[in-house]
Every structure is written in structure tokens, then in C-alpha cells.
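Accompanying notes for the structure given below.
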Amino acid sequence: METSHDAYPQNNLTWRILHKAQKNSYAVGAFNCYNDDGVLAVIRAAEAKKSPAIIQLFPWTLHFQGPDFVRYVVARAHAASVPIAVHLDHCIDDSDVETALSLPLDSIMVDASGLEPETNIAYCSGIARRAAKLGITVEAEMGRIEGGEDGLKTMELEGLLTDPHTAQEFVRRTGVHFLAPSFGNVHGPYPPGGAEKFWQLDRLQAIGKAVGNDIPLVLHGTHPVADELFHEAMARGIVKINLNRNVRDEYTAFVGENWSKDELTQLKEKAVKVYAKSIERAMDMLRSSGKAA
Ligand SMILES: [Zn+2]
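Residue 146 is where the sequence shown starts when you use the working numbering, and the numbers rise one by one after that.
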């Protein structure tokens, strides 16, 4: 693993992974994991493909498996032969943010998208200042992405699109490092018509231009998205791509079919292989394969 003598945020692992990707025109998968199978699958896929990666956990993991599981994930990820950061996705509750800031995470997403825009800015900037002292980088959501996914609180509120004209101001005032824009993307699954129908690529492009290269954009709502559309998003500033069910469905199906056939040890070993294959395909698609070589 490369070492860095840079100061924060340049010495932060998520920051380094995403800025290197941005400079070299590829994207990095941020894989939502719910259990140790997912964690091992990301690490094995990243090492096999010599790709950087980000393991994402939801606050659900803080509650269900507990903070010590997060420490285990960070220890495993950082011991890999390629750069793998650990990120806490969608911190909505204050208490989750507090727990997150007490853990050795590389980065967290503060989701204050349910608040009024000005309150969102004030809240995010307060957390960004505290996170900076701990060496943790911060992703924030500007506007509000609709929908929900497993382990994520469903908002009763309607989506709110990111205004490209105020995106730069949002980033400057909050001091966050990565921005999750709302440009018609939906936390899956997409309604009929799919991402093709709902995404406003012009808006995404304008947001990317407004915030510039200092702020890698993060894509939420990828279930499902066609490969070509991922590439369209990457051409417009998306560097971190959150992947959940797209790389997990084959694993889930395999476990479902083989649950009663194998001993648990064999089932897990085979299932992690299936999971890792799905992740490896995503790494090829995002063009991150070989980039950690
Ligand atoms: Zn999300």
C-alpha cells in the first residue's frame, strides 16, 4: 500500500482513491456490504482484479453487528494488498454520526437531505469540521434522492433536484469532500422507464462543471443501470459509484438455492466466490481493474 506524507484531506484513503480515479478517468465501486461474506467478496475481488475499492456499510450495521464489526471490516480492508477504504453510507441520525466519528472509518456520508437546504448546509459543515480533526472525509447529499434500499430509512419526502447554480456554494460552505447529487436518480429499484427515463444528464454535467475536479461526484441509485449509462455518468464527473443489489443478487440467489444442500462452511466459501465474481465484473465495467497494480 502506498504511504503518504500529505496533510488532510490528501492523506485520507477515500480521498486518495477517488482523486486518483478522477485524474485517470475511471470510477471506483463503493460496495454496500451487510455481512462478512460481502466484505470478503470485495477484498478478494479487488485483490484479484488489482483494483481499488470502497466497502460501504449502512448505520444498520452499527446497530445489528455493532461497532466491533466495523473495526473488523476496517482492519481487513486496510490489510488488503490494494487500497480499500471503508465508508459509512447515509448517516441520518445524530447518534449514528456520533458512533461513526468514534470509529476508524475512512469516510462517512452525512445524509441531511431531509432538512431544509440551509439547515443541511449548517449541519454538514459542523460535522465536516469535527471529522477533519479525526482524519475522516465527508460525503454529503445536496437536494434529496428519492426511494429507499435495504437497510436505509425511507424518506416520506419527495425528491429534490440539485441546483447546479448553488452546488459550488454548497461545497464551499459545508467543506465536504464528495458530493452526491440528485439529478433524477432514485434509490432503487427504478420505476418503469428505468434510469434512462429519469436521469437528467445535462443537470449532472452542469453540477460536475460547477464543483470542478476538487470534488468527485458520487452516484447513488444504481439498481439497475446499463453499462453505457454508467459511462455517461463517469464522463460527467461521477467517480464513486455505489453498488448494492447489482453485485449482490447472484450471491443471494446462490445462497437461496444451496442453503440446505451444503454445510455452512462450504456454502459460505462457494457463495463468496459467486459474490466476488459479480464485483469483479463491476470493476471491469468501471475501468478500475488493474489501476492498483
Ligand atoms: Zn444512497
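Where a beta carbon is used, it is the ideal one built from N, C-alpha and C, also for glycine. Model, not experiment: these values are computed from the prediction.
Within its own chain, the residues whose Cβ lies closer than 8 Å to the Cβ of V356, once the five positions on either side in sequence are excluded, are A312, Q313, V316, L324, L362, G382, listed in chain order.
The three-state secondary structure of H235, taken from DSSP, is strand. Selection T206, L431, L163 evaluated against N358 yields L163 as nearest (Cα-Cα). For the set T264, K406, M379, the Cα lying nearest the Cα of M287 is the one of T264.
With a cut-off of 8 Å on Cβ pairs, the stretch 269 to 287 is in contact with the stretch 241 to 254, counting three or more such pairs. Taken through DSSP and simplified to helix, strand or coil, Q201 comes out as strand. The residue among A190, L185, N403 with its C-alpha nearest the C-alpha of S433 is A190. Runs of the alpha helix (DSSP H) spanning 4 or more residues and lying entirely within the stretch 353 to 390 occur at 372 to 379, in chain order. For the beta strand (DSSP E) assignment, the uninterrupted runs of no fewer than 3 residues enclosed by the stretch 157 to 204 are, from N- to C-terminal side, 173 to 177, 198 to 202.
C-alpha of Y335 to C-alpha of F399: approximately 24 Å in a straight line. If you check the C-beta of H368 against ligand 1, you find no heavy atom less than 6 Å away.
For a cut-off of 8 Å, the C-beta gap from A166 to V384 is around 5 Å, short enough to register as a contact. Shown here for A351: same chain residues with a beta carbon closer than 6 Å to its own, the five before and five after excluded, namely P309 in chain order. Non-local beta-carbon contacts of G435 in its own chain, meaning distances under 8 Å to residues more than five positions away in sequence, involve K194, K195, S196 in chain order. At least 7 Å separates the beta-carbon of Y420 from that of A220. DSSP places S252 in the uninterrupted beta strand (DSSP E) bounded by 252 to 255. Annotated as proximal: C178 and I200, with beta-carbon spacing under 7 Å. Look at H232: its beta carbon is at least 6 Å from all of the heavy atoms in ligand 1. Remark: the C-beta of H365 is in contact range of ligand 1, defined as less than 6 Å to any heavy atom.
Secondary structure note for A340: its alpha helix (DSSP H) is the uninterrupted segment 339 to 343. In summary, D429 is exposed, with fewer than 16 beta-carbon neighbours lying within 10 Å of its beta-carbon over all protein chains present. Collapsing the DSSP output to three states places H332 in a strand. In the three-state scheme derived from DSSP, where H, G and I count as helix and E and B as strand, L248 is classed as coil.
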